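Student: Per my numbering, residue 339 is the first one in the sequence shown, and the count goes up by one each step.
Don't be surprised by glycine CBs; every beta carbon is placed ideally from N, CA and C.
Treat the numbers as computed from the prediction; the structure is a model and nothing was measured.
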Amino acid sequence: MSGTGQRFLKAGYKDIKPLIPVDGKPVIEHVIGMFPGEKDFIFICNKEHIETTNITDVLQRITPSGTIVPIAPHKLGPVHAVLQAAELICDDGPVLVNYCDFSAWWDYHDFKAAVARNQCDGCVPAYTGFHPHLLAGGFYAGMNVDAQNNMIEIREKYSFTENKMDSFHSSGSYYFRKGAFVKKYFRMLMDKDININGEYYVSMVYQLMKEDDLNIYVYNLEHFLQWGTPEDLEEYVYWSEYFREKQRAGILI
Numbered sequence: 339m340s341g342t343g344q345r346f347l348k349a350g351y352k353d354i355k356p357l358i359p360v361d362g363k364p365v366i367e368h369v370i371g372m373f374p375g376e377k378d379f380i381f382i383c384n385k386e387h388i389e390t391t392n393i394t395d396v397l398q399r400i401t402p403s404g405t406i407v408p409i410a411p412h413k414l415g416p417v418h419a420v421l422q423a424a425e426l427i428c429d430d431g432p433v434l435v436n437y438c439d440f441s442a443w444w445d446y447h448d449f450k451a452a453v454a455r456n457q458c459d460g461c462v463p464a465y466t467g468f469h470p471h472l473l474a475g476g477f478y479a480g481m482n483v484d485a486q487n488n489m490i491e492i493r494e495k496y497s498f499t500e501n502k503m504d505s506f507h508s509s510g511s512y513y514f515r516k517g518a519f520v521k522k523y524f525r526m527l528m529d530k531d532i533n534i535n536g537e538y539y540v541s542m543v544y545q546l547m548k549e550d551d552l553n554i555y556v557y558n559l560e561h562f563l564q565w566g567t568p569e570d571l572e573e574y575v576y577w578s579e580y581f582r583e584k585q586r587a588g589i590l591i
């Protein structure tokens, strides 16, 4: 949440992206709701948004136990942002880095069981198959996986298949078995200057981990909601309102 959200500002949105209301609550509340039972949240926020919006009040209402870390606005991407809070990350415990512009219908407890069962060093919840935003021209972090859903390769802004619906794409949640991996490989990515248009993406970190023979598992998400751009969000809102109206009218489709 430390970016400036320029695409939404240019599209006429008054609220910053985490505070845009979707289905009656702000985007960030949907994101936090993906992790029932968790209380140890670290929110890395643009300090200008802390000063000019009610983001602090919203976060404290949803998760009073969370820690808010204000940082200077930047255009370096999420790896840079996470490193600004590195001192708060425990080296030995698991860490999940999450973007703030999507939601998913999933079983979080099943996800935790899957990473424990696979004893993976990292895990990327990802989706494949029909998802409306894949019909458009944009690309996300694409993955090539083996028959057991172990990651072979990941590339940001890329699809490993001509039809994007035939391969896996990262949701924006990134699990690491221990915080020491976050600190080591996030710093390595920046030291190696591996970026796209000046932005350092978390997805890229896993390729460095693969080069060190660490095991990365891809967890299948059946239902993923992309809200990363104004077009994505408006498409979702249109269909959400459409089906809600049908439900109110007692029409089943």
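1. Counting Cβ pairs closer than 8 Å, one from the stretch 343–353 and one from the stretch 566–580, do we hit at least three?
2. Keeping to the same chain, check which residues put their C-beta closer than 8 Å to that of Lys413; ignore five residues upstream and five downstream.
3. Would Pro374 and Cys438 be called neighbours here (beta carbons separated by less than 8 Å)?
4. Hey, is the stretch 462–470 in contact with the stretch 489–509, meaning 3+ C-beta pairs nearer than 8 Å?
5. Below 7 Å CB to CB, which residues in the same chain sit around Pro470 once its five sequence neighbours on both sides are set aside?
6. Between Val433 and Val520, is the Cβ-Cβ spacing less than 8 Å?
7. Please name the residue in Asp504, Asp361 and Asn392 whose C-alpha comes closest to that of Thr466.
8. Between Ala410, Met372 and His368, which has its C-alpha nearest Cys383's C-alpha?
9. Would you identify the three-state DSSP class for Leu414, choosing helix, strand or coil?
10. Is it buried or exposed, Glu579, if we count other Cβ atoms within 10 angstroms and call 16 or more buried?
11. Please work out which residues of its chain come closer than 7 Å, Cβ to Cβ, to Phe524, disregarding the five sequence neighbours upstream and downstream, and give them in chain order.
12. Between the stretch 491–498 and the stretch 473–482, do three or more beta carbon pairs fall short of 8 Å?
13. If you count every other CB in all the chains shown that lies within 10 Å of the CB of Arg582, and 16 or more means buried, which is it?
14. Using 10 angstroms around the beta-carbon of Gly415, count the other beta-carbons present and answer buried if the total reaches 16, otherwise exposed.
15. Quick check: what's the CA-CA separation for Lys385 versus Ala485?
16. Give the secondary structure of Leu563 by DSSP, where H, G and I count as helix, E and B as strand, and everything else as coil.
17. Give the range of the alpha helix (DSSP H) segment to which His387 is assigned.
18. At what residues does the alpha helix (DSSP H) containing Trp577 begin and finish?
19. Per DSSP, what kind of secondary structure is Tyr523 in: helix, strand or coil?
20. Would you identify the three-state DSSP class for Arg515, choosing helix, strand or coil?
21. Determine the direct distance from the alpha carbon of Asp551 to that of Leu527, and round the result to whole angstroms.
22. Please classify Asn487: is it buried, with 16 or more other beta-carbons within 10 angstroms of its beta-carbon, or exposed?
23. So, with DSSP's three-state summary, where would you put Leu552?
24. Could you have a look at Phe506 and say whether DSSP puts it in helix, strand or coil?
25. So for Ile532, helix, strand or coil by DSSP?
26. List, from N- to C-terminal side, the beta strand (DSSP E) runs of 3 residues or more that fit wholly inside the stretch 466–491.
Tutor: Answer, in terms of the structure:
1. yes
2. Gly341, Thr342, Gly536 and Glu537
3. no
4. yes
5. Around Pro470: Glu573.
6. In contact: Val433 and Val520 (Cβ atoms closer than 8 Å).
7. For the residues Asp504, Asp361 and Asn392, the minimum Cα distance to Thr466 belongs to Asp504.
8. Ala410
9. coil
10. Exposed: under 16 other Cβ atoms inside 10 Å.
11. Val417, Val420, Leu421 and Val543
12. yes
13. exposed
14. Buried, because 16 or more other Cβ atoms sit within 10 Å of the Cβ of Gly415.
15. 44 Å
16. strand
17. Lys385 to Thr390
18. Pro568 to Arg586
19. helix
20. coil
21. When rounded, the distance between both Cα atoms is 16 Å.
22. buried
23. coil
24. strand
25. coil
26. 480–483
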